[in-house]
Amino acid sequence: MSVISDVLALPNDSRKKTYIVAFVLCLICSIAVSSAAVLLKPVQDKNKQFDKQRNIVAIAGLAQDGVSVSEAFKQVEAKVVDLQTGEYVDLDPKIFDARAAAVDPKQNVVLSKEQDIASIKRRAKYATVYLVKDEQGKLQKIILPISGYGLWSTLHGFLALQGDANTIVGLGFYEHAETPGLGGEVDNPNWKAQWIGKKVFDEQGKIALRVTKAPVADSDPRAVYDIDALSGATLTSNGVNNLVHFWLGPDGFGSYIQKIRQGGGA
Ligand SMILES: Cc1cc2nc3c(=O)[nH]c(=O)nc-3n(C[C@H](O)[C@H](O)[C@H](O)COP(=O)(O)O)c2cc1C
1219 MSVISDVLAL
1229 PNDSRKKTYI
1239 VAFVLCLICS
1249 IAVSSAAVLL
1259 KPVQDKNKQF
1269 DKQRNIVAIA
1279 GLAQDGVSVS
1289 EAFKQVEAKV
1299 VDLQTGEYVD
1309 LDPKIFDARA
1319 AAVDPKQNVV
1329 LSKEQDIASI
1339 KRRAKYATVY
1349 LVKDEQGKLQ
1359 KIILPISGYG
1369 LWSTLHGFLA
1379 LQGDANTIVG
1389 LGFYEHAETP
1399 GLGGEVDNPN
1409 WKAQWIGKKV
1419 FDEQGKIALR
1429 VTKAPVADSD
1439 PRAVYDIDAL
1449 SGATLTSNGV
1459 NNLVHFWLGP
1469 DGFGSYIQKI
1479 RQGGGA
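The sequence shown begins at 1219 in the numbering used here and counts up one residue at a time.
Put into structure tokens, the structure is as follows:
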């Protein structure tokens, strides 16, 4: 107490008093900020989890009026896949964090320039996939996490496919920093709607899906693979095209998708 009263007794223009008051103020503020960060972490984690579930439910077309997100998400089963082999691995999807794993040298794969069409530099060895099955256990939908560079930012989202691992159920991004009104139009429901029902692979099993500034006419048999690019945002559109190609290709979920298409993946 006497130390405090000694400090308070100092004149206001004393350098010593200024330093002590500034130090004590900084200490109190840093304790307040770090306590808030620690105390709010569980709430933030819960919100993040909820947001991910909300996105998966929306992109996979599982949202229903009067049904809560957590209720709708009960139909979804999460599993962790080894991207190289396409096999499931014994990791808890509630704990496995692919975004953290992607920057951990022990858990990631560095991509060569030729491989890295999504401009992500590295990816985790494993990825969490989300499955929806019918009552007989038949695979209905597969929801794959996707990410890649647009013009200004890395876009993170999900691509949902039907159980045939070929027909698109939906696409959406939950995080990006593209320009609102330009690249940000990746969130436009009308633009996202045109992905629904499109096909990924041609008869030879090659990725034929493309985001293009010159989509073919609806009457053309190729129309089923074409997504009309965003106008005024060709660079973001190219980024989306590239990231979708990456994640559906051999360095992404290619092995896993092949297993499902051959009837052995779910
Ligand atoms: C301030 C500013 C922000 C922009 N943001 C984006 C963007 O988010 N995504 C994008 O593809 N293009 C963006 N552009 C436009 C690109 O520079 C480029 O002109 C555009 O991608 C070309 O698309 P277009 O061929 O459809 O016109 C932006 C341009 C400006 C000036």
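We put the CB at the ideal spot given by N, CA and C, even for glycine. Since we're looking at a predicted model, the values are computed, not measured.
In the three-state reduction of the DSSP assignment, LEU1243 falls in the helix class, which pools H, G and I. Burial check for ILE1360: the Cβ neighbour count within 10 Å reaches 16 or more, so the residue is buried. For TRP1409, the Cβ stays outside the 7 Å cut-off from all heavy atoms of ligand 1.
Remark: the shortest separation between the CB of LEU1369 and any heavy atom of ligand 1 falls under 7 Å. If you check the CB distance, LEU1362 and LEU1373 do not come in under 8 Å.
Residue range 1472-1479 is occupied by the alpha helix (DSSP H) that includes ILE1475, with no beta strand (DSSP E) assigned at that position. Judged by DSSP in its simplified three-state form, ILE1274 adopts helix. In this structure, the straight-line span from the alpha carbon of VAL1261 to that of GLN1267 is close to 10 Å. Between ligand 1 and SER1449, a heavy atom-to-CB distance of less than 7 Å is present.
In terms of side-chain proximity, the C-beta atom of THR1397 is found nearer than 7 Å to a non-hydrogen atom of ligand 1.
When C-beta atoms of the segment 1348-1358 are compared with those of the segment 1435-1451, fewer than three pairs fall below 8 Å, so the two segments do not count as touching. For the set GLN1358, GLY1368 and ASN1326, the Cα lying nearest the Cα of ILE1335 is the one of GLY1368. At the C-beta level, SER1473 and GLN1302 come within 8 Å of one another.
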